[in-house]
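**Student:** If you're matching positions, the sequence shown starts at 2 in our numbering and goes up one per residue.
All residues carry an ideal CB built from backbone N, CA and C; glycine is no exception.
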Amino acid sequence: MTSILYVIYKSPLINQPSSSVLEIAEQQLSEGVEVGVLLVADAVVAAVSRTVSSTLRRLREKGASIYVLREDLEARGLSQEVADLVGYSEAIDLIERYEKVFTWS
2 MTSILYVIYK SPLINQPSSS VLEIAEQQLS EGVEVGVLLV ADAVVAAVSR TVSSTLRRLR
62 EKGASIYVLR EDLEARGLSQ EVADLVGYSE AIDLIERYEK VFTWS
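Written out as structure tokens, the structure reads:
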């Protein structure tokens with residue numbers, strides 16, 4: 002099975018392409034692709050936004066792995082319950098584990 006990690010840098014709240022990648026991820030899940038989403042930098046606010054976090058929850062329910070970079074979340078004084086928190090070294094491990102990695106910024 003193919004595995005793809007999407008690393009999103011900009012908030013889907015203000016960046017339409019970042020929102021679109023979540024739709025692409027959902028489509029790939031339905032095609033049997035193993036999907037991971039890693040939110041970093043300003044994209045971490047997606048984990049606390051009601052609109053986007055519901056999309057992330059839906060992706061997770063369908064089998065996607067959702068991750069948030071802990072340091073970026075803490076730097077913004079935020080907390081969330083939608084994703085698994087990972088540090089820098091864990092994020093690197095994720096990038097190495099997935100067959101394909103796409104960045105969206």
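(1) Could you give the first and the last residue of the continuous beta strand (DSSP E) run that contains Leu95?
(2) Spatial neighbours of Leu30 within its chain, please: C-beta separation below 8 Å, excluding the five flanking residues on both sides.
(3) Can the beta-carbon of Glu100 be found closer than 8 Å to that of Thr3?
(4) Taking the straight line between their C-alpha atoms, what separation do you get for Asp73 and Val8?
(5) Could you round the C-beta distance between Leu95 and Leu23 to whole angstroms and report it? I think they count as a contact, below 8 Å.
**Tutor:** Per the coordinate set shown:
(1) Here residue 95 refers to the residue found at position 94 when the sequence shown is read from its first residue. That residue, Leu95, is in no beta strand (DSSP E); its alpha helix (DSSP H) goes Tyr89 to Arg98.
(2) Stepping through the sequence shown from its first residue, residue 30 is reached at position 29. Only Val36, Leu60, Lys63, Gly64 and Ala65 meet the Cβ criterion.
(3) Your numbering for residue 100 matches position 99 in the sequence shown. Your numbering for residue 3 matches position 2 in the sequence shown. Yes; because the gap between Cβ atoms is below 8 Å, this pair is in contact.
(4) The residue you call residue 73 lines up with position 72 of the sequence shown. The residue you call residue 8 lines up with position 7 of the sequence shown. Computed Cα separation, rounded: 13 Å.
(5) Counting from one through the sequence shown, the residue named residue 95 turns up at place 94. Counting from one through the sequence shown, the residue named residue 23 turns up at place 22. About 17 Å separates the two Cβ atoms, so there is no contact after all.
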